[in-house]
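Residue numbers (our numbering): 121 to 339. The C-beta atom is built at its ideal place from N, Cα and C for all residues, glycine as well. Since this is a predicted model, take the numbers as computed values, not measurements. Contents: one structure, followed by commentary.
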């Protein structure tokens, strides 16, 4: 089995997230993509983000009807900052026969992976599916990883990915670029502008009903 783990704040989840998840599932033959809303992201304080339960519910509403998508509340069950390596460890520990995991992340985030907590261990725990943007050219791993580590990965043309001696892959995949951001959605709600066609209708209705982001009840 091949499962994708798609972590993020999802404050709120939007069509950019959903479309990218769908395309990666097709490109990498993932049987499931599991959205994992962050508990307490390392780069944000608790007051900067909407309470976890609201963000979890919005993801559930957004993925309803898609049997390939699922959501996990794993990070709400762990105290402290939400580090990717801890999330993957916990996910593996919860499954007696864990599937092949693909950690989904954006190009900008992966370019800075050497700043992540215990990043070398993380590379050994799962594959990486890196979403690239228009104009991106695959220049290999030398510009991202230390030269000694990058040299251990061999490009496999059949899989179109860089494979480590342990069989863990790093796959750069182009996904449709939808210029939608959660921060812009929040700002639009605060300003009283419509967010139609940026996020699913069910999520729009939830934002209005719970008066999130300063909503007046009409979004």
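Heavy atom of the ligand SAM less than 7 Å from the Cβ of residue 239, yes or no?
Of ligands this structure carries none, so the ligand SAM is not represented either.
Give me the Cα-Cα distance between residue 220 and residue 188, rounded to the nearest whole angstrom.
15 Å
Could you have a look at residue 123 and say whether DSSP puts it in helix, strand or coil?
strand
Between the segment 125-137 and the segment 216-236, are three or more C-beta pairs nearer than 8 Å?
yes
With 16 other CB atoms within 10 Å as the buried threshold, where does residue 195 fall?
buried
CA nearest to the CA of residue 287, picked from 266, 260, 244:
244
Considering residue 247, what are the terminal residues of the beta strand (DSSP E) in which it resides?
247-252
Which same chain residues end up closer than 7 Å to residue 253 when comparing Cβ atoms and leaving out the 5 residues on each side of it in sequence?
227, 297
Answer with buried or exposed for residue 134, where buried requires no fewer than 16 other C-beta atoms within 10 angstroms of its C-beta.
buried
What does the alpha-carbon distance come out to for the pair residue 140 and residue 265?
25 Å
Reduced DSSP category for residue 110 - H, G, I as helix; E, B as strand; rest coil:
Given a span of 121 to 339 for the chain in the structure shown, any question on residue 110 remains unanswerable.
Beta-carbon proximity of residue 309 to residue 300, cut-off 8 Å
no
Would you call the CB atoms of residue 317 and residue 178 closer than 8 Å?
no
Contiguous beta strand (DSSP E) assignments of at least 3 residues, all confined to the segment 223-283
247-252, 274-276, 281-283
Just grab the DSSP bridge partners of residue 221 for me.
123
Could you check the C-alpha separation between residue 293 and residue 147 for me, to the nearest Å?
8 Å
Roughly how many angstroms separate the alpha carbons of residue 160 and residue 202, rounded to a whole number?
5 Å
For residue 319, which option in 271, 155, 183, 122 has the closest C-alpha, if you only look at C-alpha atoms?
183
Here's a check: name, in chain order, each residue in its chain whose Cβ is nearer than 6 Å to the Cβ of residue 191, leaving out the five neighbours to either side.
155, 179, 180
Could you name the residues of the same chain whose beta carbon sits closer than 6 Å to that of residue 131, not counting the 5 residues immediately before and after it, in chain order?
169, 170, 175, 302
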